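In what follows, a structure is listed as structure tokens, so that the remarks can point back to it.
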Amino acid sequence: MFAYSINNHEILWSAKENSIYGFSYDPGHSLLGVANFEAISIRNVDTGQEEPPIVNRDFPATQCIGRTDIKFFSDGSKIVTLESSFDTYDSQIYIWDETSEKCLGKLTERKGYAFDLHLSQDNNYLGIALFSGRDDENRVSNYVQIWDLSDEKKICTYENSGPMALSPDGKISASINIVNGNDIEIWDVRSCELIETIVRKPDNRPYSLDIDRKGELLAMGGENTIQIWRIEDQKLLFETENLYNNVSNIRFSPDGKYLLSAIQRLSGNDEGIITLWKIIN
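The sequence shown begins at 621 in the working numbering and counts up by one.
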């Protein structure tokens with residue numbers, strides 16, 4: 621059983637941000653990097669308070685740090701950031717060395733707007749979900765790529781998929797089937813083959829996925845809801861009551877004890893909300 625109860629004080633903190641595109645824990649689990657397109661801001665995980673930012677509008681993406689999403693290497697040596705453009709449909713994945721403060725290189729995809737970035741715990745595999753436009757019937761066209769960072773090569777491409785998640789051990793990935801806009805597909809990263817499907821009721825649209833550190837649980841942030849699924853038997857373990865807006869980002873903490881969610885702003889004058897939840901088994 622999972623408990624996420626406001627009345628029982630299981631929401632540890634909430635914080636306001638601009639539009640929230642992505643976030644990531646640092647290796648020490650004490651800081652949270654938040655990409656809100658205008659900046660890469662830093663928050664204290666325990667309190668939610670802001671720290672000095674990594675990058676803001678005065679530090680352009682051409683200097684090797686993007687502002688669409690962020691992931692930390694598990695050993696703290698590098699930061700992977702994403703910069704995407706709807707104008708050109710180009711996406712750049714930058715790899716920044718924290719020790720030498722040098723740009724180690726970038727991966728470029730010129731066929732889509734990347735909006736979701738995941739990194740395996742061993743830092744060998746990277747997954748991205750990309751939006752590549754609409755077809756003649758105005759249907760969304762998304763796809764997912766898995767990269768092997770050791771030789772900077774794409775090893776898997778899943779069509780009609782996205783958003784996505786990558787397990788910390790890099791063995792499986794999960795993605796939304798956008799043909800029906802509902803089911804969650806589980807893939808073998810080594811063989812690029814579909815291994816199972818979580819069939820969901822078509823009562824809310826999914827927007828974000830994450831897999832816990834053991835590769836056993838899958839969190840889904842969706843249309844006014846958060847769901848927790850057990851991957852092995854595709855069983856729904858928990859679902860929130862109606863939230864006030866869509867959950868655009870969801871992340872397990874590295875130790876599996878907490879869950880971060882981002883609820884987007886309701887209007888241009890509003891702000892997004894990041895919430896840290898405590899998981900009770």
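Glycine is no exception: its CB is placed at the ideal position from the N, C-alpha and C atoms. In this text the structure is predicted, and so the values were computed from the model without any measurement.
Along the beta strand (DSSP E) that carries Q847, what are the first and last residues, could you check?
-> T845 to R850
For the beta strand (DSSP E) that C776 lies in, which residues bound it at each end?
-> K773 to E779
Nearest CA to the CA of I798: which residue from L837, K898, R754 and K773?
-> R754
N- and C-terminal bounds of the beta strand (DSSP E) containing S752 = Y745 to R754
Tell me whether E602 sits in a helix, a strand or coil according to DSSP, three-state version.
-> The first residue shown for the chain is 621 and the last is 901, placing residue 602 beyond what the model contains.
At what residues does the beta strand (DSSP E) containing Q712 begin and finish?
-> S711 to D717
Pick from L857, L737 and R663: whose alpha carbon is nearest that of G686?
-> L737
Quick one: using the 10 Å Cβ neighbour count with 16 as the cut-off for buried, is P783 buried or exposed?
-> buried
Going by beta carbon distance, what residues of the same chain come within less than 6 Å of T817, once the five residues before and after it are set aside?
-> D803 and E805
First through last residue of the beta strand (DSSP E) which encompasses Y645 = G642 to Y645
Nearest to N844 by CA position, among R871, W807, E813 and I883, is which residue?
-> I883
Going by the beta-carbon positions, is the gap between I851 and L838 smaller than 9 Å?
-> yes
Is it buried or exposed for R663, if we count other Cβ within 10 angstroms and need 16 for buried?
-> buried
DSSP state of E836, grouped into three classes?
-> coil
D902 - DSSP class collapsed to helix/strand/coil = Only positions 621 to 901 of the chain appear in the structure, and residue 902 is not among them; the question remains open.
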